[in-house]
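S.K.:
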Amino acid sequence: MDYETKVLPFDRESVAEAAELLANRRIVAIPTETVYGLAANALDDWGVKNIFRVKGRPQDNPLIVHIASMKMLPPLVREIPEIANQLAERFWGGPLTMIFPKSDLISDTVSGGLDTVAIRMPESEAALAIIKKCGFPLAAPSANLSGKPSPTTAMHVYEDLNGKIPLIIDGGECSVGVESTVICFKDGKIRILRPGGITAEMLSKFAEVEVDRAVTVQPAKDERVLSPGMKYKHYSPKADVYIINAHGARFTDYCAKRARFEQNLVALGAGVPEEGCFMDYGATPEIQARRLFSLLRKADEIGAKTVLVEIPEKSGVGLAVYNRLLRAAAFRIVEV
Ligand code: AMP
Ligand code: MG
């Protein structure tokens, strides 16, 4: 390890310190409402390349560019469809990322070689304050090592990146807990490439919504997917994760039976009492989204070998929870 990473609470001074580091081409972990982000000046390839290096992120997995006002959008894109304006008005700042044709300001490093760029305006007061103080947009993927569960607290970031980045701004626990909804526009329709806090149901008030196949179906090895991130194994603890397609007593009986014969087994149930092998990952999709990554990290901490997770609802924010779990579980679903 080269040095100790500084962790500072979000306030005026820490925002100024983060902005100064970012202006000097360093990378800084910042809180957002979705998950913690690992930020660099989106217009400076040197900083952006550092993000890929520090995370160990595949080069063809593009980054989301974060802005703090609508004024920052036009220079980054070639075109803004009318529906994007309507969605921005309703859902920005918030967990919605929209794909636009990119302008020349956006490098191939940021776009992963695509001709498009993903843009989001966060809601988090800390994220907005840092972007405003910088005056330039921030490219920021989740602030975890590639493949690991995304960080929802400053401590998670510290576990993964201590000694690799100069500063983490601590803004407390993320309120949404899963990454933003990523959408693109095609033939007047909204296509969800990655589900998140802004749901299909919410978007359907504005246009017809299609959910991309890769959200719930494992892409074939060489399949070209619209959202490159969907190709990779993701969000994985060291333990083997399995989704259990059962609810209530059928779920708890199955897990309790296995726990009698298997050591280091953890079961994440929706609203279950926390006893024996059971941990509660929340009775509603919103709570599940907030707790999921944290619990997957906790499973590692306590040395779990196997994690069994009650299948979530596939509607609302539940679709985002299901999508992340499928990747964490390498698409293993156990029928009970
Ligand atoms: P992360 O920064 O880890 O939340 O990942 C961002 C994800 O957004 C990527 O993995 C992609 O799946 C998606 N994304 C970013 N840029 C684009 C783009 N230009 N086209 C399609 N998907 C994108
Ligand atoms: Mg990520």
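In this text, residue positions in the sequence shown follow the working numbering: the first is 1, and each later residue adds one.
Using N, Cα and C, we set each Cβ at its ideal position, and we do this for glycine too.
1. Taking the beta strand (DSSP E) that Ala267 belongs to, which residues open and close that run?
2. Would you mind working out which of Ile243, Thr216 and Lys49 sits nearest Met230, comparing C-alpha positions?
3. Check Ala259 in the structure and name its three-state DSSP category.
4. Let's test the definition: count the other Cβ atoms within 10 Å of the Cβ of Pro273 and tell me whether it reaches 16, buried, or not, exposed.
5. Could you check whether the stretch 252 to 267 touches the stretch 208 to 224, counting it as contact only if at least three pairs of C-beta atoms, one from each stretch, sit closer than 8 Å?
6. Taking the CB atoms as reference points, tell me whether Pro31 and Ala118 lie closer together than 8 Å.
7. Which whole-angstrom value is the C-beta distance of Ala328 and Val176, which I expect to be below 8 Å?
8. I'd like the span of the alpha helix (DSSP H) that includes Asp160, first residue to last.
9. Should the stretch 304 to 313 be called in touch with the stretch 236 to 247, which here means at least 3 C-beta pairs below 8 Å?
10. Beta-carbon separation of Ala143 and Val48 under 8 Å?
11. Pick out whichever of Ile311, Arg90 and Val336 has its Cα sitting closest to the Cα of Leu326.
12. Quick check: is any heavy atom of the ligand MG less than 7 Å from the C-beta of Glu262?
13. Between the Cα of Pro195 and the Cα atoms of Lys205, Gly188 and Cys184, which residue gives the shortest distance?
14. Could you check the C-alpha separation between Ala363 and Phe136 for me, to the nearest Å?
15. Is there at least one non-hydrogen atom of the ligand AMP closer than 7 Å to the beta-carbon of Met230?
16. Give a yes or no on whether the C-beta atoms belonging to Val336 and Arg250 are separated by under 8 Å.
17. Would you list the residues sitting across from Phe136 in a DSSP beta bridge?
18. With DSSP run on the structure shown, which of helix, strand or coil describes Tyr322?
19. Between the C-alpha atoms of Thr116 and Ala68, what's the straight-line distance to the nearest angstrom?
20. Identify which residue in Asp170, Pro141 and Ser107 has its Cα closest to the Cα of Asp11.
21. Do three or more CB pairs link the stretch 148 to 159 to the stretch 96 to 104 at distances below 8 Å?
22. Using C-beta distances below 6 Å, list every residue in its chain close to Tyr322, excluding the 5 sequence neighbours before and after it, in chain order.
23. For Lys164, collect the residues of the same chain with a Cβ closer than 6 Å to its Cβ; drop the 5 residues on either side in sequence, then sort them by chain order.
24. Contact check, Asn61 vs Gly112 under 8 Å by CB: the rounded distance?
25. Compute every distance between the C-beta of Ser150 and the non-hydrogen atoms of the ligand MG, then say whether any falls below 7 Å.
26. Does any heavy atom of the ligand AMP sit closer than 7 Å to the C-beta of Ser315?
27. Specify the secondary structure class of Ile119 as computed by DSSP and reduced to three states.
28. Are there 16 or more other CB atoms within 10 angstroms of the CB of Tyr3, so buried, or fewer, so exposed?
29. Which stretch, first to last residue, makes up the alpha helix (DSSP H) that contains Ala18?
30. Going by DSSP, which residues form a beta bridge with Met72?
31. Can you give me the start and stop residues for the beta strand (DSSP E) that Val241 sits inside?
32. Candidates Ile27, Ile333 and Ile190: which alpha carbon is nearest Pro166's?
33. Straight-line CA distance for Val15 to Pro122?
34. Here's the rule: buried if 16 or more other CB atoms are within 10 angstroms of the residue's CB, otherwise exposed. What is Ser294?
35. Kindly identify the DSSP beta-bridge partner or partners of Gly37.
36. Please state whether DSSP places Arg78 in a helix, a strand or coil.
M.R.: Walking through what the data contain:
1. What you label residue 267 is simply residue 267 of the sequence shown in a count that begins at 1. Segment Leu265 to Gly269, the beta strand (DSSP E) holding Ala267.
2. Taking the first residue of the sequence shown as 1, we reach residue 230 at position 230. Answer by Cα proximity: Thr216.
3. For the purposes of this step, residue 259 is taken as residue 259 along the sequence shown, with counting starting at 1. Note: Ala259 maps to helix in three-state DSSP.
4. Looking up residue 273 in the sequence shown gives position 273. Exposed, by the Cβ-count rule.
5. no
6. The residue given as residue 31 occupies position 31 in the sequence shown. The residue given as residue 118 occupies position 118 in the sequence shown. It is not a contact, given that the beta carbons lie outside the stated cut-off.
7. Here residue 328 refers to the residue found at position 328 of the sequence shown. Here residue 176 refers to the residue found at position 176 of the sequence shown. Contact doesn't hold; Cβ gap of about 17 Å is too wide.
8. In the sequence shown, the residue the question calls residue 160 occupies position 160. That run of the alpha helix (DSSP H) goes Ala154 to Leu161.
9. yes
10. Here residue 143 is taken as the residue at index 143 of the sequence shown, counted from 1. Here residue 48 is taken as the residue at index 48 of the sequence shown, counted from 1. Cβ distance not < 8 Å, so Ala143 and Val48 don't count as in contact.
11. Mapped onto the sequence shown, residue 326 falls at position 326. That would be Ile311, whose Cα lies nearest to the Cα of Leu326.
12. The count along the sequence shown starts at 1 and reaches residue 262 at position 262. No, since every heavy atom of the ligand MG falls outside the 7 Å radius drawn around the Cβ of Glu262.
13. Along the sequence shown, one-based indexing puts residue 195 at 195. Minimum Cα-Cα distance from Pro195 among the listed residues Lys205, Gly188 and Cys184 corresponds to Cys184.
14. With the chain represented from 1 up to 336, any question about residue 363 goes unanswered, as that position is not in the structure.
15. Along the sequence shown, read from residue 1 onward, the residue named residue 230 stands at position 230. Checking the Cβ of Met230 against the ligand AMP gives yes.
16. On the sequence shown, residue 336 is found 336 positions in, with the first residue counted as 1. On the sequence shown, residue 250 is found 250 positions in, with the first residue counted as 1. In terms of Cβ geometry, Val336 and Arg250 form a close pair [threshold 8 Å].
17. Position 136 of the sequence shown, counted from the start, is the residue given in the question as residue 136. For Phe136, which the question treats as bridged, DSSP gives no partner whatsoever.
18. Here residue 322 corresponds to residue number 322 of the sequence shown, with the count starting at 1. Tyr322: helix per DSSP, three-state reduction.
19. Translated into positions along the sequence shown, residue 116 becomes position 116. Translated into positions along the sequence shown, residue 68 becomes position 68. Roughly 20 Å separates the two Cα atoms.
20. Working through the sequence shown from its first residue, we reach residue 11 at position 11. Taking only the C-alpha atoms, the option nearest Asp11 is Asp170.
21. no
22. As a working note, residue 322 is residue 322 in the sequence shown. Cβ-Cβ distances below 6 Å link Tyr322 to Pro312 and Lys314 in the same chain, with the five nearest sequence neighbours on each side left out; the list follows chain order.
23. The count along the sequence shown starts at 1 and reaches residue 164 at position 164. Within the same chain, Lys164 has close Cβ partners Val54.
24. For the purposes of this step, residue 61 is taken as the residue at position 61 of the sequence shown. For the purposes of this step, residue 112 is taken as the residue at position 112 of the sequence shown. With 8 Å as the limit, Asn61 and Gly112 qualify as a contact, their Cβ atoms being about 6 Å apart.
25. The count along the sequence shown starts at 1 and reaches residue 150 at position 150. True, at least one ligand heavy atom lies under 7 Å from that Cβ.
26. For the purposes of this step, residue 315 is taken as the residue at position 315 of the sequence shown. Because no heavy atom of the ligand AMP lies under 7 Å away, the Cβ of Ser315 does not count as near it: no.
27. In the sequence shown, counting from the first residue as 1, residue 119 sits at position 119. Ile119 falls in the strand class under three-state DSSP.
28. Position 3 of the sequence shown, counted from the first residue, corresponds to residue 3. With fewer than 16 other Cβ atoms within 10 Å, it is exposed.
29. Indexing the sequence shown from 1 puts residue 18 at position 18. Arg12 to Ala23 is the span of the alpha helix (DSSP H), which, as asked, contains Ala18.
30. Counting from one through the sequence shown, the residue named residue 72 turns up at place 72. BP columns for Met72 are empty, so no partner.
31. For the purposes of this step, residue 241 is taken as the residue at position 241 of the sequence shown. Looking at the DSSP string, the run of the beta strand (DSSP E) that includes Val241 is Asp240 to Asn245.
32. Looking up residue 166 in the sequence shown gives position 166. The candidate whose alpha carbon is nearest that of Pro166 is Ile27.
33. Position 15 of the sequence shown, counted from the first residue, corresponds to residue 15. Position 122 of the sequence shown, counted from the first residue, corresponds to residue 122. Distance between the alpha carbons of Val15 and Pro122: 16 Å.
34. Taking the first residue of the sequence shown as position 1, residue 294 is located at position 294. Its Cβ being crowded by 16 or more others within 10 Å, Ser294 is buried.
35. Numbered from 1 along the sequence shown, position 37 holds the residue referred to as residue 37. Bridge partners of Gly37: Ile30 and Ser142.
36. Sequence index remark: in the sequence shown, residue 78 carries index 78 (1-based). Arg78: coil per DSSP, three-state reduction.
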